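Q:
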Amino acid sequence: MKKLAFSFMFLWCFTNNIAQDIKQGLIIIHVVPESVKTDYKQKIFNYHFLNGVYTGRDELLTVNGKKDGRDLIRTDLGINQVYKNRYLITAIGNIIDLKEKKVLFDGRAKLVRCSNDSAIYYTNDAFKGKFYSVYNFKTNTYGEVKSLIFRPKIGQDVEFDKSTAPFKLNLYPPNKPKIILLSDAGNPQFNASEIKNPDPLFWWIDNSTLIYSYLNKENTELSFFKINVDTKQNTLLGKIAVKPESALLKQEQLSRNEFMIYYGNKFFLLNIDNNSLTNLEFSPKSNGFNFECKYNSYGRMIKLNDKECGKYHFQPKNFKTSKNIAALVKEILVGTDSYQQGMAVWDNNKQEWRKVDCDDVLSLVGFIEE
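If you want the working numbering, it's the position in the sequence shown, counting the first as 1, plus 170.
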C-alpha cells in the first residue's frame with residue numbers, strides 16, 4: 171500500500187512539473203544593414219524560450235521594405251502587433267502569416283480594428299479616395315467595402331487640412347458642404363521621422379465628441395482638447411511642456427475616462443473627466459513589469475511587482491512582456507546613433523536577467539504562446 175501511495179505521489183509530482191513548463195516565442199525583426207538604402211530587407215525571427223530560458227531561434231521569412239522607390243513591407247513605422255497568436259500586422263497595415271511564413275497583404279491602409287476573422291481598414295487618400303476595406307483571414311482575400319452604411323467605428327467624417335500652418339479641422343457631413351470646425355487645429359510635428367507631416371493625434375469618444383492633440387508652433391507645448399462637432403464647443407483638457415520628438419504621438423485607452431499618451435520617452439495620463447494631463451514617472455504595468463520613463467545616466471530602472479529588478483539602457487518601444495517574462499534590447503543612444511548590445515531577458519525562476527545575443531534589431535514585436 172505504501173509503495174502504491176509513493177508511486178501515485180511520484181507520478182503526480184512528475185506530471186505536475188511537466189504541466190508547469192511554459193513555452194513562449196518572441197517575434198523579433200532584424201534589419202539587414204547593407205540593404206537600408208536599397209530594398210530595406212527585414213528578417214523576421216521567432217526566438218524560443220522554455221520557462222524563460224532561451225533555447226534557440228528560427229528565421230521565419232525575409233521581407234522587402236522598398237520596391238521601385240515605394241514603401242512595401244515596413245515594420246519600422248510605428249507599433250506592430252500580433253493577432254490571434256499568428257498574424258503580424260504592421261503599423262501601416264501589412265499582414266504577415268507567421269505560421270505559413272508568407273505575406274498576406276502588402277498594401278498600405280490604416281487599421282481600424284481586428285474582429286474575429288477580419289481586419290478592417292480605412293483609407294483616406296487624395297488619389298484613391300475614402301473607403302473602408304476588409305481582409306478576411308479565412309479566405310485570405312482583401313476587398314473594398316461597397317456598402318454605403320458600413321461604419322465599423324464611431325464618429326463622423328473629419329479631416330485635417332495641413333496645406334498651411336496652423337492646420338484646419340474640417341467636418342464632411344453626408345451630402346452637404348464641408349464645415350470648418352477649427353481654423354487653428356495645431357501645428358506640424360516638424361521632427362517626426364516615421365511619417366512626414368503627420369496628422370495630430372485624434373480619436374472619438376462618441377459620435378459627436380472628438381479628442382485631438384495640439385502642438386504649438388515651436389513643438390514645446392502639447393495640449394489636448396475635446397470638441398463637440400455638433401455645437402463646436404471646444405474644451406481644453408490639459409497641456410504640458412515638451413520638446414520636439416521624432417517618434418509620433420500615440421494613445422492607449424485604459425478606462426472610459428483615462429488614456430495613456432506616448433510621446434518620445436515621455437508618458438502622460440490624460441483624464442477627460444478631470445481635465446488633467448499628468449507626466450508619469452513610471453510606465454503602466456504590463457504583466458507586473460514597468461520601467462522608469464526618464465532616461466538617466468544609468469539608463470532606466472525596471473520594476474517587477476513594484477520592486478526594482480534591474481537598470482538598463484533601452485528604448486521603450488523595445489521593451490516587451492508576457493507572463494513571468496520580459497525582454498529588452500540593450501541600447502545606448504549617442505546623439506542620433508544607436509549602439510545595440512544584445513538582448514536582456516528576465517528569468518523568473520532565477521530572478522535575474524539573462525543575456526541573449528541579438529544584433530541589428532529593428533523591432534521587438536511581442537511574445538506568442540507556443
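Even for Gly, the Cβ is constructed at its ideal location relative to N, Cα and C.
Because the structure is a prediction, the values reported are computed rather than measured.
Have a look at Gly195, Ile199 and Asp191 and flag the residue whose alpha-carbon is nearest the alpha-carbon of aspartate 530.
A: The sequence position of residue 530 within the sequence shown is 360, counting from 1. Checking every option, the nearest Cα to that of aspartate 530 belongs to Ile199.
Q: In whole angstroms, what separates the C-alpha of phenylalanine 461 from that of threonine 260?
A: Counting from 1 along the sequence shown, the entry for residue 461 is found at position 291. Counting from 1 along the sequence shown, the entry for residue 260 is found at position 90. So the alpha carbons of these two residues sit roughly 25 Å apart.
Q: Taking the C-alpha atoms as reference points, what is the distance between glycine 263 and isoleucine 249?
A: One-based indexing of the sequence shown puts residue 263 at position 93. One-based indexing of the sequence shown puts residue 249 at position 79. Glycine 263 and isoleucine 249: Cα-Cα distance of roughly 11 Å.
Q: With which residues is arginine 470 paired in a DSSP beta bridge?
A: Sequence index remark: in the sequence shown, residue 470 carries index 300 (1-based). Tyr482.
Q: Taking only three categories from DSSP, how would you classify leucine 385?
A: On the sequence shown, position 215 is the one that residue 385 refers to. Leucine 385: strand per DSSP, three-state reduction.
Q: Using 10 angstroms around the beta-carbon of glycine 235, count the other beta-carbons present and answer buried if the total reaches 16, otherwise exposed.
A: Within the sequence shown, the letter at position 65 stands for residue 235. Glycine 235 comes out buried.
Q: Can you give me the start and stop residues for the beta strand (DSSP E) that lysine 119 sits inside?
A: Because residue 119 is not part of the residues shown, which for the chain are 171 to 540, the question remains open.
Q: Three Cβ pairs or more, each shorter than 8 Å: is that satisfied between the region 341-353 and the region 325-332?
A: Yes, the region 341-353 touches the region 325-332.
Q: Rounding to the nearest angstrom, what Cα-Cα distance links isoleucine 135 and leucine 440 in this structure?
A: An answer regarding residue 135 cannot be provided, because it is not within the stretch 171 to 540 covered by the chain.
Q: With C-beta atoms as the reference, is tyrosine 291 less than 8 Å away from lysine 280?
A: The residue given as residue 291 occupies position 121 in the sequence shown. The residue given as residue 280 occupies position 110 in the sequence shown. Taking 8 Å as the Cβ cut-off, tyrosine 291 and lysine 280 qualify as a contacting pair.
Q: Where cysteine 528 and glutamine 511 are concerned, what is the direct C-alpha to C-alpha distance, given to the nearest angstrom?
A: Indexing the sequence shown from 1 puts residue 528 at position 358. Indexing the sequence shown from 1 puts residue 511 at position 341. Straight-line Cα distance between these residues: approximately 8 Å.
Q: What residue range is occupied by the uninterrupted beta strand (DSSP E) comprising tyrosine 302?
A: Numbered from its first residue, the sequence shown carries residue 302 at position 132. Element bounds for tyrosine 302: 299-306.
Q: Relative to the C-alpha of isoleucine 349, which residue among Leu450, Ile365, Ala362 and Asp331 is closest?
A: Along the sequence shown, one-based indexing puts residue 349 at 179. For isoleucine 349, the nearest C-alpha among the options comes from Asp331.
Q: Indicate the three-state DSSP secondary structure (helix, strand or coil) for glutamate 422 in the structure shown.
A: On the sequence shown, position 252 is the one that residue 422 refers to. It is a strand residue.
Q: Can you tell me whether glutamate 229 is buried or exposed? The criterion is at least 16 other CB atoms within 10 Å of its CB, across all chains shown.
A: As a position in the sequence shown, residue 229 is number 59, starting the count at 1. Exposed, because fewer than 16 other Cβ atoms sit within 10 Å of the Cβ of glutamate 229.
Q: Relative to the alpha-carbon of serine 285, which residue among Glu270, Tyr305 and Asp276 has its alpha-carbon at the smallest distance?
A: Taking the first residue of the sequence shown as 1, we reach residue 285 at position 115. The candidate whose alpha carbon is nearest that of serine 285 is Tyr305.
Q: Under 8 Å Cβ to Cβ from glutamate 540, same chain only, skipping five residues before and after it: list those, please.
A: Here residue 540 refers to the residue found at position 370 when the sequence shown is read from its first residue. Contacts found: Lys193, Gln194, Gly195 and His218.
Q: Are at least three pairs of beta-carbons, each pair with one atom in the region 358-369 and one in the region 378-398, less than 8 Å apart?
A: Yes: the two stretches touch, three or more of their Cβ pairs being nearer than 8 Å.
Q: What is the DSSP secondary structure of glutamate 364, counted as helix, strand or coil?
A: Reading the sequence shown from its first residue, position 194 is the one you call residue 364. Coil at glutamate 364, not helix or strand.
Q: Please classify alanine 335 as buried or exposed, where buried requires at least 16 neighbouring CB atoms within 10 angstroms.
A: Indexing the sequence shown from 1 puts residue 335 at position 165. Exposed: under 16 other Cβ atoms inside 10 Å.
Q: Identify the continuous beta strand (DSSP E) that holds asparagine 441 and give its terminal residues.
A: The residue given as residue 441 occupies position 271 in the sequence shown. Its beta strand (DSSP E) spans residues 436-441.
Q: Starting from the N-terminal side, write out each stretch of the beta strand (DSSP E) that is 3 residues or longer and does not extend beyond the region 239-322.
A: 251-253, 257-259, 265-267, 272-275, 280-285, 288-295, 299-306 and 311-314, all fully within the region 239-322.
Q: Return the residue from the list Ile502, Phe452 and Asn221 that minimises the CA-CA distance to serine 467.
A: Stepping through the sequence shown from its first residue, residue 467 is reached at position 297. Serine 467 has its Cα closest to that of Ile502, out of Ile502, Phe452 and Asn221.
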